[in-house]
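In my numbering, the protein residues as written are 2 to 350.
Just below is one structure, and these are the notes that go with it.
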Amino acid sequence: MPLVSMRQLLDEAAKGGYGVGAFNVNDMEQIQAIMEAAKQTNSPVIIQASRGARQFAQDRYLYHLILAASELYPEIPLAMHLDHGNSFETCKSAIELGFTSVMMDGSLKADGKTPATFEENVAVTKQVVDFAHERGITVEGEIGVLGGVEDGHGAGGSGLEHVTDPDQAVEFAEKTGVDALAIAIGTSHGAYKFSKKPDGSVLKMDILLAIHKRLPKTHLVMHGSSSVPKDLQDIINQYGGKLKETWGVPIEEIQLGIRNGVRKINVDTDNRLAITGAIRKVLWETPEKFDPRDYLKPAREAMQKVVALRMTQFGQAGHAGDYKAVSIAEIARGYKDGSLSTKPLVADK
Ligand code: G3H
Ligand code: 13P
Ligand code: ZN
2 MPLVSMRQLL DEAAKGGYGV GAFNVNDMEQ IQAIMEAAKQ TNSPVIIQAS
52 RGARQFAQDR YLYHLILAAS ELYPEIPLAM HLDHGNSFET CKSAIELGFT
102 SVMMDGSLKA DGKTPATFEE NVAVTKQVVD FAHERGITVE GEIGVLGGVE
152 DGHGAGGSGL EHVTDPDQAV EFAEKTGVDA LAIAIGTSHG AYKFSKKPDG
202 SVLKMDILLA IHKRLPKTHL VMHGSSSVPK DLQDIINQYG GKLKETWGVP
252 IEEIQLGIRN GVRKINVDTD NRLAITGAIR KVLWETPEKF DPRDYLKPAR
302 EAMQKVVALR MTQFGQAGHA GDYKAVSIAE IARGYKDGSL STKPLVADK
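Written as C-alpha cells, this is what we have:
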C-alpha cells in the first residue's frame with residue numbers, strides 16, 4: 002500500500018472505535034520492529050520522526066526506510082508523520098520530503114522550550130494547515146503543554162503546569178481546522194512521568210472527557226503515553242542500568258481515552274526501554290560479543306513485542322484490511338471541496 006494520509010487512518014479508527022499507536026523511530030531496526038508487529042497483529046500504523054530523529058539519521062534516510070516499509074508490507078496502511086514540528090519551516094520541509102502528516106506543536110515557541118501564547122499557537126498552526134491541506138497532508142496541533150524534556154524539546158517541569166483548557170481547545174480547533182488535536186492532561190515525555198501509580202490528581206482524564214464532550218468528533222491525541230512497565234525497568238537495572246523507580250500512563254487510562262475520542266497514542270519511551278534492556282542483557286551476559294547484529298536482533302525483537310502488545314491494547318489489531326488507501330491528491334481535493342471537513346462539531350457545555 003502506498004503511504005496513506007493520517008487523516009484517512011484516523012477517520013477509519015473513529016469509525017471502528019479504536020486507537021492507533023504512533024511510534025517514534027530513529028533507525029532501520031525500529032522501523033522493522035514496528036512493521037513486523039503490524040504484520041503480526043494485522044494493524045494500521047503511524048510511524049513518526051521527531052526533529053531530533055531527522056537530525057540523528059538524516060531525514061532522507063528515514064524517509065526512504067519508511068517508504069521501503071510501505072513497499073515491503075503492502076497490506077499495512079502506514080502514515081509517515083512528523084512529531085513535534087517547531088515551526089512552519091520544519092513542517093514545510095517534512096511535507097516537501099514526502100511525509101503524509103505533520104504535527105505543528107505551536108504550544109511552544111520555535112525554541113521548543115518556551116510556552117507560546119494562544120494567539121501565536123493559532124497563527125502558526127493555521128499557516129501550516131493552509132499549506133498542508135492544499136497538498137493533502139494531515140495536520141496535528143497541540144493545545145496545552147506537556148511536561149518533561151526530550152532531546153532538548155519540551156517546557157520541562159511537571160505535566161500539570163499547562164493542562165489544556167477545554168474552552169481553549171474548542172476555540173483552537175475552530176480557528177485552525179486541524180485534523181487531530183493533542184491535549185495536555187498531566188503527562189510528560191520520557192520515563193519519569195509519575196512518582197507513583199497515577200490517580201486523578203496527576204493524570205487528568207476528567208479534562209480529556211470534558212474536551213471530548215465539547216468536541217465529540219475531533220480526533221484527540223495523547224502524547225507522553227508510554228506505560229513505562231516495571232518489567233522493562235527491571236531488565237535495564239538487572240543488567241547494570243540505573244533507572245529510578247517511576248510510573249507511566251496505565252493502559253486502562255489510555256483505553257478510557259480511546260472510548261472518548263482518542264485516536265492517536267504516542268509511544269516512544271517504552272520502545273527505548275525495551276531496546277536498551279535487550280542490548281544490556283546481551284552485553285552483560287556475553288561481554289566477548291562485538292558484532293552489532295548480536296545485540297540489535299534481540300533489541301528489535303524486544304521492541305516488536307512491546308509494539309505488538311500496544312497494537313492489541315489500543316484496538317488497532319485486526320483492522321489493516323478494512324480499507325484501501327485514498328491517494329494524497331484525492332485527499333487534497335477532499336479538503337478543497339469540503340468533503341473532508343475541517344470544521345469541528347462543537348457541543349454545548
Ligand atoms: O516527543 C518526544 C519523542 O519521544 C521524541 O523524542 O525528541 O528525543 O526524538 P526525541
Ligand atoms: P513517551 O515519552 O511517553 O513515549 O511519549 C512519546 C511522545 O509523546 C512522542 O511525541
Ligand atoms: Zn510528544
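Beta carbons: idealized from backbone N, C-alpha and C, even for Gly.
Do residue i and residue j have their C-beta atoms within less than 8 Å of each other?
i: ALA34; j: ARG301; result: yes
i: ILE48; j: MET2; result: no
i: MET312; j: THR101; result: no
i: THR343; j: HIS134; result: yes
i: GLY22; j: GLN317; result: yes
i: VAL129; j: GLY178; result: no
i: TYR19; j: ILE208; result: no
i: GLU175; j: PRO299; result: no
i: GLY187; j: GLY160; result: yes
i: ASP60; j: ALA50; result: yes
i: ALA185; j: VAL203; result: no
i: ARG264; j: ALA156; result: no
i: ASN122; j: SER108; result: yes
i: PHE57; j: ASN25; result: no
i: ALA333; j: SER44; result: no
i: HIS220; j: ALA348; result: no
i: MET105; j: GLY148; result: no
i: LEU233; j: ALA275; result: yes
Check each candidate in the options and name the one with the smallest Cα separation from residue i.
i: GLY225; options: LEU204, VAL268, THR219; result: VAL268
i: ARG136; options: GLY157, GLY158, LEU147, GLU97; result: GLU97
i: THR139; options: LEU4, TYR74, MET36, GLU172; result: LEU4
i: GLY278; options: LYS306, PHE173, ILE255; result: LYS306
i: PRO251; options: LEU83, LYS114, ASN25, LYS205; result: LYS205
i: ILE280; options: ILE236, ASP112, ASN261; result: ILE236
i: LYS93; options: VAL125, GLU121, THR115; result: VAL125
i: GLN314; options: ILE32, ALA211, GLN239, ILE266; result: ILE266
i: LEU216; options: GLY262, TYR240, ASP200; result: GLY262
i: ALA54; options: THR91, SER227, PRO75; result: THR91
i: HIS82; options: ASP323, LEU233, TYR64, LYS337; result: TYR64
i: PRO75; options: ALA333, LYS325, TYR336, ILE332; result: LYS325
i: PRO288; options: HIS190, TYR240, GLU254, LEU274; result: TYR240
i: ALA309; options: HIS85, ASP349, ASP271, ASP12; result: ASP271
i: ALA183; options: ARG52, LEU68, ALA192, VAL146; result: VAL146
i: GLY242; options: ALA211, SER227, LEU284; result: LEU284
i: TYR193; options: SER227, ARG52, LYS110, PHE132; result: SER227
Could you tell me whether any non-hydrogen atom of the ligand 13P is closer than 7 Å to the CB of residue i?
i: ASN27; result: no
i: THR277; result: no
i: SER340; result: no
i: THR270; result: yes
i: SER108; result: no
i: SER227; result: yes
For residue i, name the three-state secondary structure that DSSP assigns.
i: MET2; result: coil
i: ILE184; result: strand
i: ASP235; result: helix
i: ASP207; result: helix
i: ASN27; result: coil
i: VAL164; result: coil
i: HIS65; result: helix
i: GLU246; result: coil
i: ILE266; result: strand
i: PRO251; result: coil
i: ASP84; result: strand
i: LEU73; result: helix
i: PRO299; result: helix
i: ALA50; result: strand
i: SER94; result: helix
i: ILE32; result: helix
For a test of your reading of the model: does the CB of residue i fall under 7 Å from any non-hydrogen atom of the ligand G3H? Yes or no.
i: SER51; result: yes
i: ALA54; result: yes
Going by the C-beta, is residue i closer than 7 Å to any heavy atom of the ligand NAD?
i: THR139; result: The ligand NAD is not among the ligands present in this structure, which contains only the ligand G3H, the ligand 13P and the ligand ZN.
Using 8 Å as the limit for Cβ to Cβ distance, is residue i near chain D?
i: TYR19; result: Chain labels in this structure do not include chain D; a single protein chain is all it has.
Let me have the residue list for the ligand ZN: C-beta closer than 7 Å to any non-hydrogen atom, ordered along the chain. Going by the Cβ distance cut-off, the answer is ASP84, HIS85, LEU147, HIS190, HIS224, GLY225, ASN267.
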